[in-house]
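One line per chain: the protein sequences are A and B, in this order. Per the numbering used here, the very first residue in the first sequence carries number 549; after that it's consecutive. Per the numbering used here, the very first residue in the second sequence carries number 549; after that it's consecutive. Note that beta-carbon positions come from the ideal geometry of N, C-alpha and C, so glycine has one too. All values derive from a computational prediction rather than experimental measurement.
2 protein chains.
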Amino acid sequence: MQSRSTPPTRAGGRPRSAEADTAILEATRQALVDLGWTKLTMGDVATRAGVAKTTLYRRWAGKSELVVDAVAELFDELELPDSGSLATDIESVVLQFAALLGRPETKTALMAVVAESTSDEPLRERIRTSIVDRQKRLVLTGRARAQARGELPVEPDTATAAMTADLIFDVIAGAVVHRALVSAEPVDTEWAHRFTLLILGGLAAAASGQGA
Amino acid sequence: MQSRSTPPTRAGGRPRSAEADTAILEATRQALVDLGWTKLTMGDVATRAGVAKTTLYRRWAGKSELVVDAVAELFDELELPDSGSLATDIESVVLQFAALLGRPETKTALMAVVAESTSDEPLRERIRTSIVDRQKRLVLTGRARAQARGELPVEPDTATAAMTADLIFDVIAGAVVHRALVSAEPVDTEWAHRFTLLILGGLAAAASGQGA
DNA sequence: CAGCTTTCGCTACGGCTCGTAGCGTATCTG
DNA sequence: CAGATACGCTACGAGCCGTAGCGAAAGCTG
Numbered sequence: 549m550q551s552r553s554t555p556p557t558r559a560g561g562r563p564r565s566a567e568a569d570t571a572i573l574e575a576t577r578q579a580l581v582d583l584g585w586t587k588l589t590m591g592d593v594a595t596r597a598g599v600a601k602t603t604l605y606r607r608w609a610g611k612s613e614l615v616v617d618a619v620a621e622l623f624d625e626l627e628l629p630d631s632g633s634l635a636t637d638i639e640s641v642v643l644q645f646a647a648l649l650g651r652p653e654t655k656t657a658l659m660a661v662v663a664e665s666t667s668d669e670p671l672r673e674r675i676r677t678s679i680v681d682r683q684k685r686l687v688l689t690g691r692a693r694a695q696a697r698g699e700l701p702v703e704p705d706t707a708t709a710a711m712t713a714d715l716i717f718d719v720i721a722g723a724v725v726h727r728a729l730v731s732a733e734p735v736d737t738e739w740a741h742r743f744t745l746l747i748l749g750g751l752a753a754a755a756s757g758q759g760a
Numbered sequence: 549m550q551s552r553s554t555p556p557t558r559a560g561g562r563p564r565s566a567e568a569d570t571a572i573l574e575a576t577r578q579a580l581v582d583l584g585w586t587k588l589t590m591g592d593v594a595t596r597a598g599v600a601k602t603t604l605y606r607r608w609a610g611k612s613e614l615v616v617d618a619v620a621e622l623f624d625e626l627e628l629p630d631s632g633s634l635a636t637d638i639e640s641v642v643l644q645f646a647a648l649l650g651r652p653e654t655k656t657a658l659m660a661v662v663a664e665s666t667s668d669e670p671l672r673e674r675i676r677t678s679i680v681d682r683q684k685r686l687v688l689t690g691r692a693r694a695q696a697r698g699e700l701p702v703e704p705d706t707a708t709a710a711m712t713a714d715l716i717f718d719v720i721a722g723a724v725v726h727r728a729l730v731s732a733e734p735v736d737t738e739w740a741h742r743f744t745l746l747i748l749g750g751l752a753a754a755a756s757g758q759g760a
């Protein structure tokens with residue numbers, strides 16, 4: 549995960565405690581649930597983790613970095629089981645993502661760090677590598693499977709194919725996040741079904757009218 | 549806007565200064581640009597606005613409420629000029645929304661208050677009434693125009709029509725926000741065009757396969 | 001006009017968090 | 001063993017929070 553800030557010098561001393569690492573990240577998630585973003589403090593996390601406050605600062609520069617790493621782990625739970633059709637693949641990942649966003653630590657943290665990242669370039673990069681880019685794999689494998697099934701045409705131009713993948717990623721992730729967090733309405737199977745139909749229709753249209 | 553906290557008792561004293569109100573909201577937006585969300589402080593805003601800190605607390609309970617009101621004003625700039633076709637209507641609003649999210653005060657504040665609202669029910673309600681619900685009008689008028697032109701069928705069932713509008717709203721707003729803030733890629737005309745094609749295709753498919 | 005009500009700016013305060021420094025101890029490497 | 005690093009602990013100045021108390025200003029009402 550490349551999570552903590554690497555010790556600047558080379559090896560040769562007491563290694564950092566791995567138990568402390570996991571305890572801190574777990575404590576951070578729990579603190580997010582109990583306190584939310586603004587009321588979460590470094591000192592509180594340290595106490596919960598049974599660790600000195602200085603230990604936190606030796607590994608993370610601040611609250612934002614800590615929370616990014618604490619939440620990034622959760623996103624790796626997402627999977628794309630091969631359900632046999634593109635429609636059910638999409639519905640599955642939508643519902644999984646919605647369930648993930650239903651957990652209080654996830655929803656609070658994700659928006660907060662994104663907000664912070666808008667005026668913090670290194671943090672933005674950290675989010676991109678730790679969270680965003682890792683989830684694009686879901687779109688790519690989903691498309692590959694659909695193409696193997698013959699449900700989607702193969703886009704010959706590599707650049708165009710990449711743009712389409714990015715577009716789909718933003719549409720799916722964005723819509724679910726907006727529905728769940730901004731509109732604050734439930735992402736249930738009904739909604740997932742309607743949304744999936746919309747996407748499939750759009751993909752079909754884009755496939756026919758290729759020369760956009 | 550119903551922004552500030554209403555004075556609990558009835559009228560009959562010195563009225564609150566309207567100049568102070570606008571100065572505070574403007575100072576808040578500027579502070580967001582300069583400092584970002586976490587480093588923005590009530591005291592700093594007060595100084596910028598040329599107002600006592602106590603005056604801020606007489607009107608807003610805290611940072612979140614203040615920022616919501618400061619940003620809500622900006623969203624009212626969005627318009628839906630009747631461009632003659634649904635496609636260009638969508639592209640227009642997408643680009644407008646993207647331009648709005650390009651402004652540092654907007655992007656920082658929007659995500660931050662949404663994050664805060666996940667563990668603050670009154671704040672969530674404030675966001676809903678001050679920002680979210682007011683922008684759904686764009687979807688509704690856009691649909692009405694498209695139906696008048698014959699571009700979209702009229703959905704007979706009121707409940708279904710409302711769900712469709714909510715879906716489209718979440719998809720458009722969510723995709724633009726995700727593209728601009730999470731993926732941190734530009735929302736240019738190219739992207740807007742591709743996205744619009746996707747939406748239109750989805751709408752067409754949903755219209756034909758009505759009995760979802 | 002006089003009197004009531006509310007807001008305003010200002011100052012001050014206790015409480016909390018921040019992020020760092022310093023120390024002695026613990027743990028691992030060569 | 002010597003060197004290097006991490007650890008827990010304590011303490012600290014700095015900054016911000018949100019509130020209280022004051023005298024003065026500015027409207028409304030009769």
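Out of the options, which has the shortest C-alpha to C-alpha gap to residue i?
i                 : options                                       : result
Met-711 (chain A) : B:Ala-575, B:Arg-607 and B:Ser-731            : B:Ser-731
Ala-635 (chain B) : B:Gly-690, B:Glu-669 and B:Gly-561            : B:Gly-690
Leu-614 (chain B) : B:Glu-627, B:Leu-748 and B:Glu-664            : B:Glu-664
Val-719 (chain B) : B:Thr-744, B:Glu-733, B:Pro-704 and B:Ala-696 : B:Thr-744
Arg-674 (chain B) : B:Ala-620, B:Ala-647 and B:Thr-570            : B:Ala-620
Thr-603 (chain B) : B:Ser-631, B:Ser-756, B:Ala-571 and B:Ala-647 : B:Ala-571
Arg-697 (chain B) : B:Ser-631, B:Ala-579, B:Val-616 and B:Lys-601 : B:Ser-631
Leu-643 (chain A) : A:Ala-752, A:Ser-756 and A:Glu-738            : A:Glu-738
Listing by chain order, which chain B residues have their CB less than 8 angstroms from the CB of residue i?
i                 : result
Val-599 (chain A) : The premise fails here: Val-599 (chain A) is roughly 23 angstroms from chain B at the closest Cβ pair, so nothing lies under 8 angstroms.
Leu-563 (chain A) : The sequence given here places Pro at residue 563 (chain A); Leu does not occur at that position. Within 8 angstroms Cβ-Cβ: nothing; Pro-563 (chain A) doesn't reach chain B, min ~32 angstroms.
Thr-666 (chain A) : Gly-584, Pro-652, Lys-655, Thr-656, Met-659 and Leu-729
Using the Cα positions of residue i and residue j, report the straight-line distance between them to the nearest angstrom.
i                 : j                 : result
Met-659 (chain A) : Thr-586 (chain B) : 13 angstroms
Gly-591 (chain A) : Val-599 (chain A) : 9 angstroms
Ala-692 (chain B) : Ala-721 (chain B) : 19 angstroms
Asp-736 (chain A) : Ser-678 (chain A) : 27 angstroms
Ala-707 (chain B) : Lys-655 (chain A) : 28 angstroms
Ser-612 (chain A) : Val-641 (chain A) : 27 angstroms
Ser-633 (chain A) : Val-702 (chain B) : 31 angstroms
Gly-584 (chain B) : Ala-566 (chain B) : 26 angstroms
Ser-667 (chain A) : Ala-594 (chain A) : 26 angstroms
Ala-657 (chain A) : Arg-682 (chain A) : 17 angstroms
Pro-629 (chain B) : Asp-637 (chain B) : 7 angstroms
Arg-562 (chain A) : Glu-733 (chain B) : 42 angstroms
Ala-754 (chain B) : Leu-748 (chain B) : 10 angstroms
Glu-699 (chain A) : Arg-685 (chain A) : 19 angstroms
Phe-717 (chain A) : Ala-694 (chain A) : 15 angstroms
His-651 (chain B) : Val-581 (chain A) : Here residue 651 (chain B) is Arg; the residue named in the question, His, does not match the sequence. Roughly 31 angstroms separates the two Cα atoms.
Leu-671 (chain B) : Asp-569 (chain A) : 33 angstroms
His-726 (chain A) : Ala-647 (chain A) : 14 angstroms
Leu-746 (chain B) : Ala-709 (chain A) : 14 angstroms
Trp-608 (chain A) : Arg-564 (chain B) : 45 angstroms
Thr-589 (chain A) : Val-616 (chain A) : 15 angstroms
Gly-610 (chain B) : Ala-579 (chain A) : 21 angstroms
Residue i versus chain A: which residues are under 8 angstroms apart at the beta carbon?
i                 : result
Arg-750 (chain B) : Looking at the sequence itself, residue 750 (chain B) is Gly, so the reference to Arg does not match. Per Cβ cutoff of 8 angstroms: Leu-745, Leu-746, Ile-747, Leu-748, Gly-749, Gly-750 and Ala-753.
Arg-693 (chain B) : Under the 8 angstroms cutoff, chain A gives no residues; its nearest Cβ is about 20 angstroms from Arg-693 (chain B).
Arg-672 (chain B) : Ala-732
Confirm, please, whether the CB-CB distance from residue j to residue i is below 7 angstroms.
i                 : j                 : result
Arg-577 (chain B) : Glu-653 (chain B) : yes
Val-496 (chain A) : Phe-645 (chain A) : The structure shown does not extend to residue 496 (chain A), since chain A is modelled only from 549 to 760, so the question has no answer here.
Leu-715 (chain A) : Arg-742 (chain B) : yes
Glu-627 (chain A) : Ala-740 (chain A) : no
Ala-713 (chain A) : Val-680 (chain A) : no
Leu-729 (chain B) : Val-662 (chain A) : yes
Ala-575 (chain B) : Arg-606 (chain B) : no
Leu-649 (chain A) : Ala-618 (chain A) : no
Gly-560 (chain A) : Gly-750 (chain B) : no
Under 7 angstroms Cβ-Cβ, which residues of chain B neighbour residue i?
i                 : result
Ala-663 (chain A) : Trp-585, Thr-656, Met-659, Ala-660 and Ala-663
Val-680 (chain A) : Val-730 and Ser-731
Given that residue i touches chain A, what residues does it touch there, using C-beta distances under 9 angstroms?
i                 : result
Leu-715 (chain B) : Ala-723, Arg-727, Trp-739, Arg-742, Phe-743 and Leu-746
Ser-640 (chain B) : By Cβ distance, chain A contributes nothing, its closest Cβ being about 18 angstroms from Ser-640 (chain B), past 9 angstroms.
Given 6 angstroms as the limit, tell me if residue i has its C-beta closer than that to any heavy atom belonging to the ligand GDP.
i                 : result
Pro-704 (chain A) : As far as ligands go, the structure on display features none, and thus does not contain the ligand GDP.
Residues of chain B with a CB under 9 angstroms from the CB of residue i: which are they?
i                 : result
Met-711 (chain A) : Glu-738, Trp-739 and Arg-742
Arg-676 (chain A) : Val-730, Ser-731 and Ala-732
Val-593 (chain A) : Neighbours of Val-593 (chain A) on chain B: none; closest Cβ ~16 angstroms, over 9 angstroms.
Give the interface partners of residue i over in chain A, defined as CB-CB distance under 7 angstroms, in chain order.
i                 : result
Asp-718 (chain B) : Ala-723, His-726, Arg-727 and Ser-731
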